[in-house]
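Reading through the structure tokens given below for one structure.
Protein chains: 2
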Amino acid sequence: MSVSIDNFLKNIYLLSQETGSSVTSSILAERLGISVAAVTDMARKLGRQGLLDYRPYRALMLSDKGRKMALKVIRKHRLWELFLYRVLGMDLMSVHEEAEKLEHHTSDKLMEHINRFLEHPDFDPHGDPIPGIGGNVPSEKGVVPLSEIEEQEKCKIKKLRYRDSEVSKMFETFGLRKDMVLKVLKVYSFDGSIELEFPDSKKVMISEKLADNIFCVKQ
Amino acid sequence: MSVSIDNFLKNIYLLSQETGSSVTSSILAERLGISVAAVTDMARKLGRQGLLDYRPYRALMLSDKGRKMALKVIRKHRLWELFLYRVLGMDLMSVHEEAEKLEHHTSDKLMEHINRFLEHPDFDPHGDPIPGIGGNVPSEKGVVPLSEIEEQEKCKIKKLRYRDSEVSKMFETFGLRKDMVLKVLKVYSFDGSIELEFPDSKKVMISEKLADNIFCVKQ
DNA sequence: TTTTGTATTTAAGCTTACTTAACTTTGTCT
DNA sequence: AGACAAAGTTAAGTAAGCTTAAATACAAAA
Chain X
1 MSVSIDNFLK
11 NIYLLSQETG
21 SSVTSSILAE
31 RLGISVAAVT
41 DMARKLGRQG
51 LLDYRPYRAL
61 MLSDKGRKMA
71 LKVIRKHRLW
81 ELFLYRVLGM
91 DLMSVHEEAE
101 KLEHHTSDKL
111 MEHINRFLEH
121 PDFDPHGDPI
131 PGIGGNVPSE
141 KGVVPLSEIE
151 EQEKCKIKKL
161 RYRDSEVSKM
171 FETFGLRKDM
181 VLKVLKVYSF
191 DGSIELEFPD
201 SKKVMISEKL
211 ADNIFCVKQ
Chain A
220 MSVSIDNFLK
230 NIYLLSQETG
240 SSVTSSILAE
250 RLGISVAAVT
260 DMARKLGRQG
270 LLDYRPYRAL
280 MLSDKGRKMA
290 LKVIRKHRLW
300 ELFLYRVLGM
310 DLMSVHEEAE
320 KLEHHTSDKL
330 MEHINRFLEH
340 PDFDPHGDPI
350 PGIGGNVPSE
360 KGVVPLSEIE
370 EQEKCKIKKL
380 RYRDSEVSKM
390 FETFGLRKDM
400 VLKVLKVYSF
410 DGSIELEFPD
420 SKKVMISEKL
430 ADNIFCVKQ
């Protein structure tokens, strides 16, 4: 399968997960950095191939076959991320872009070697679930956006969305890491910013937009 | 850099090493599985980019810049092969085709992580030298084709050329492996076939063509 | 119900890496 | 030297994956 098709299907899946709503041509075009016309073209093509249910002017919906392909690419991506992080010691800021390339050029056989080496992990180093070979996605029960935590409540970080290098850098400079326990001190309704207390009692203030990329479980 | 360009330069380098003579358009076309016209096109293009010294109707010669690029791809290929073999336990017959894809999608940074993990190896699992970052190739002094060993002489296998899956299978069924010590019992000038004795005293006969893919040092 | 603005599709065209087929150069053989 | 076969080049065309610009559908407001 071509890199284009892989990325197309993968990003439809990821966008629908991230936003919780339907994926339009323009949103996908924006995400892939290509024109809306190119998305229409590809969507029609993948519709013919039975990878998605394409209807003009409607949102993009993956078929079962398409979702399976998307999950397979995501599996490869996340296994690579964990491998690069845990085995080769690459930093969290780099593993995403490396995995972004490797995921398309990895045979199922090689992937299962890596899976075995890592002892069948369920989550990647950012906390995202690694889909199984059959397409089953490990549960994230109880994982909610940081904004849903009440004032004075404690929670543990379960997932950090490294959406780009700037956000990655912010996580790093704030010292935010997976499995860290935080206390939400105050939520300012004025702009949605949140004041947090770290395990070492250090206090910081983060914006609503950054908070949207942090997910945790209540303690 | 595109996969096409990488492969073009890499195979010019490899062919000139393997055959010891100059690389023509038709030989390269055959190797890459594309038409001669496509080779001419690409050669002209890479000539303009200063990656090779292109002159119509003459053999293809890499420039310094082109050779460096070729060696870099070969370095990636061979480091991947060793990594897949030694760390992930893949079989020798598979590592080549996996590396063939990965080599084009591996950053220099990732490659150096792998190099460090493997503790700066000099040879891949087939016995081929791994070029250094600067383009220096580890010495293969004393390594000669099996056909150059005299009758009754002993030698140690240093390199096996896994040119395709059939040859790989033959190595496997004969039990030929790197660092194995062989004795050449008889060379038949009629067809060039060679009778060998294994460490366990087992005797086998191999064809000249297979012997051409075995390289060793005299003991 | 008609208007209007936004989203989507269609159309035409570009680039890369190929193809086949026709043509040209080279080097060898007599 | 001349002819010829082999090797290489040029020309024209294809498919994939894009682009921009013009045309069309949809949905929400008047």
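First to last, the protein sequences are chains X and A.
Oh and the first sequence: position 72 is 72 in the numbering used here, straight run, nothing missing.
Just so we're on the same page, the numbering used here is the position in the second sequence counted from 1, plus 219.
All C-beta atoms, glycine included, are put in the ideal place defined by N, C-alpha and C.
Residues near residue i in its chain [Cβ-Cβ closer than 8 Å; skip 5 each side]
{"i": "A:V356", "result": "L290, P348, P350"}
{"i": "X:A29", "result": "S35, V36, A38, V39"}
{"i": "A:Y407", "result": "I413, E414"}
{"i": "X:S4", "result": "M42"}
Enclosing alpha helix (DSSP H) for residue i [first to last residue]
{"i": "A:V222", "result": "222–238"}
{"i": "X:L79", "result": "64–86"}
{"i": "A:V255", "result": "255–267"}
{"i": "A:S358", "result": "Where A:S358 is concerned, there is no enclosing alpha helix (DSSP H), given that its DSSP letter is neither H nor E."}
{"i": "X:M90", "result": "First-last for X:M90: undefined, no H or E at that position."}
{"i": "A:R250", "result": "244–251"}
{"i": "X:F117", "result": "108–117"}
Residue i: contacting residues in chain A (beta-carbon distance under 8 Å)
{"i": "X:E172", "result": "Under the 8 Å cutoff, chain A gives no residues; its nearest Cβ is about 17 Å from X:E172."}
Extent of the continuous beta strand (DSSP E) to which residue i belongs
{"i": "X:M205", "result": "203–206"}
{"i": "X:L196", "result": "194–197"}
{"i": "X:K178", "result": "Element bounds for X:K178: n/a, residue is neither H nor E."}
{"i": "X:V217", "result": "214–218"}
{"i": "X:L160", "result": "154–160"}
Straight-line gap, residue i to residue j (C-alpha atoms, nearest Å)
{"i": "A:Q438", "j": "A:S420", "result": "17 Å"}
{"i": "A:L395", "j": "X:Y162", "result": "48 Å"}
{"i": "X:G135", "j": "A:S366", "result": "53 Å"}
{"i": "X:L84", "j": "X:M90", "result": "6 Å"}
{"i": "X:E140", "j": "X:F215", "result": "10 Å"}
{"i": "X:E98", "j": "X:S168", "result": "15 Å"}
{"i": "X:G127", "j": "X:K158", "result": "6 Å"}
{"i": "X:R78", "j": "X:P56", "result": "33 Å"}
{"i": "X:P121", "j": "X:L185", "result": "34 Å"}
{"i": "X:Y13", "j": "X:K203", "result": "36 Å"}
{"i": "A:Q268", "j": "A:W299", "result": "28 Å"}
{"i": "X:R116", "j": "X:L82", "result": "12 Å"}
{"i": "X:K76", "j": "X:S107", "result": "9 Å"}
{"i": "A:S221", "j": "A:F227", "result": "10 Å"}
{"i": "X:R44", "j": "A:F390", "result": "48 Å"}
Spatial neighbours of residue i in its chain, beta-carbon cut-off 6 Å, leaving aside the 5 residues before and after
{"i": "A:V292", "result": "D225, K229, E322"}
{"i": "X:K101", "result": "none"}
{"i": "X:E150", "result": "none"}
{"i": "A:S426", "result": "S412"}
{"i": "X:L62", "result": "I12, L52"}
{"i": "X:G47", "result": "Y54"}
Where residue i meets chain X, residues with beta-carbon distance less than 8 Å
{"i": "A:L298", "result": "Under the 8 Å cutoff, chain X gives no residues; its nearest Cβ is about 12 Å from A:L298."}
Under 7 Å by beta carbon: chain X residues contacting residue i
{"i": "A:K320", "result": "H105"}
The ligand GTP heavy atom lying under 7 Å from the CB of residue i
{"i": "A:A278", "result": "With respect to small molecules bound, the structure shown includes none, and the ligand GTP cannot be examined in it."}
message: Can you pull out the residues from the segment 105–118 of chain X whose beta carbon lies closer than 9 Å to at least one beta carbon of chain A?
response: Against chain A - using a Cβ distance shorter than 9 Å - the residues of the segment 105–118 of chain X are H105, T106, S107, K109, L110, H113, I114, R116, F117.
- prompt: Given a limit of 9 Å on CB to CB distance, which residues of the segment 81–98 of chain X reach chain A?
  reply: Residues L84, V87, L88, G89, M90, S94, E97, E98.
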